[in-house]
Amino acid sequence: MSVALASAVVAMTGAGAVAAERTVTAAGPCTYAHLSVQPKVVLSVPYRTLAATVTTDCQDFEYFTNTWDSWVGVAGGAVQGTVIFTTSASTVTRGIDEYPQVPDTARLGVWTWTPQRTLPPLALADLNTVRMDVRLGSASYVAARRSGATVTVSTRSYRYWTSTHAFGPWGRATGVIEWRTTGTTAWHGLKNVYADDLGRYSYRYTVSAVREYRVRMFDQSYVWGFPSAAPARA
Numbered sequence: 001m002s003v004a005l006a007s008a009v010v011a012m013t014g015a016g017a018v019a020a021e022r023t024v025t026a027a028g029p030c031t032y033a034h035l036s037v038q039p040k041v042v043l044s045v046p047y048r049t050l051a052a053t054v055t056t057d058c059q060d061f062e063y064f065t066n067t068w069d070s071w072v073g074v075a076g077g078a079v080q081g082t083v084i085f086t087t088s089a090s091t092v093t094r095g096i097d098e099y100p101q102v103p104d105t106a107r108l109g110v111w112t113w114t115p116q117r118t119l120p121p122l123a124l125a126d127l128n129t130v131r132m133d134v135r136l137g138s139a140s141y142v143a144a145r146r147s148g149a150t151v152t153v154s155t156r157s158y159r160y161w162t163s164t165h166a167f168g169p170w171g172r173a174t175g176v177i178e179w180r181t182t183g184t185t186a187w188h189g190l191k192n193v194y195a196d197d198l199g200r201y202s203y204r205y206t207v208s209a210v211r212e213y214r215v216r217m218f219d220q221s222y223v224w225g226f227p228s229a230a231p232a233r234a
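Counting along the sequence shown from 1, when you hit position 179 you're at 179 in this note's numbering, and nothing is skipped either side.
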């Protein structure tokens, strides 16, 4: 029995059963298998299920036992997970062993997905290497108030904490307050933000025109920064 290969979702799981070689049953090329993963992963919950795909030019095969192409995700010198593109010998269909999942206890930073195993006619060199940057999520808020020609812009910043599995103040975060003219889309830098231990920052200046304001927090080594969702007007 043969199966048509197309883009398929892959799974992060442990090693499976021992695989035997696969036998070509139809003419056609079989020169590569390429894994695609999200380049940027934001962790803001205890567990995230990720999408990934494998593309290949391999056409038809007969499988006599479980077979796969696999990659391992390595960060900090340690294996964080395994992606397996597999066919079950019992059903002779391609499917998902387990969807990729990243817990908030996993190693943060860049995961490098490296070929681990394949079967003839492919060799490890026919599988690709791909990177995925895993960091914690954040959220920021801005408020603005006017008194005559003086405007005060206040910001609050939060980040996800793995110790509590919840959002809390993002102390010592950095970013920038930006403004734009109402009805326009272009943002302009106004003042750099250096949050206190509770993630707070305030800036006061003189301006006669009514403007919209937002705060855009910068990325840190293990935290993704984002702009505030809703602008303030004053």
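Glycine is no exception: its CB is placed at the ideal position from the N, C-alpha and C atoms.
Asked, Found
"Give a yes or no on contact between the stretch 139-159 and the stretch 218-232, applying the rule of three or more CB pairs nearer than 8 Å.", "yes"
"Report the rounded CA-to-CA distance for V193 versus V74, giving the unit in angstroms.", "34 Å"
"Within 10 angstroms of its Cβ, does G189 collect 16 or more other Cβ (buried), or is it exposed?", "exposed"
"Where DSSP assigns a beta bridge to S36, which residues make up the other side?", "T53"
"Measure the alpha-carbon distance for G183 versus A52 and round it to whole angstroms.", "39 Å"
"Where does D57 land, buried or exposed, given buried means 16+ other C-beta within 10 angstroms?", "exposed"
"Can you round the beta-carbon distance between T155 and R204 to whole angstroms, since I take them to be within the 8 Å contact cut?", "Going by Cβ atoms, the distance from T155 to R204 rounds to 13 Å, so no, they are not a contact pair."
"For D126, which of helix, strand or coil comes out of DSSP?", "helix"
"Apart from the five residues just before and just after G109, which ones in its own chain have a Cβ nearer than 6 Å to its Cβ?", "A75"
"Please state the DSSP three-state secondary structure of A229.", "coil"
"Let me know the secondary structure DSSP gives D133 once reduced to three states.", "strand"
"Would you give the residue range spanned by the beta strand (DSSP E) that P241 belongs to?", "Not covered by the structure: residue 241. The range shown for the chain is 1 to 234."
"Quick check: what's the CA-CA separation for V79 versus V134?", "14 Å"
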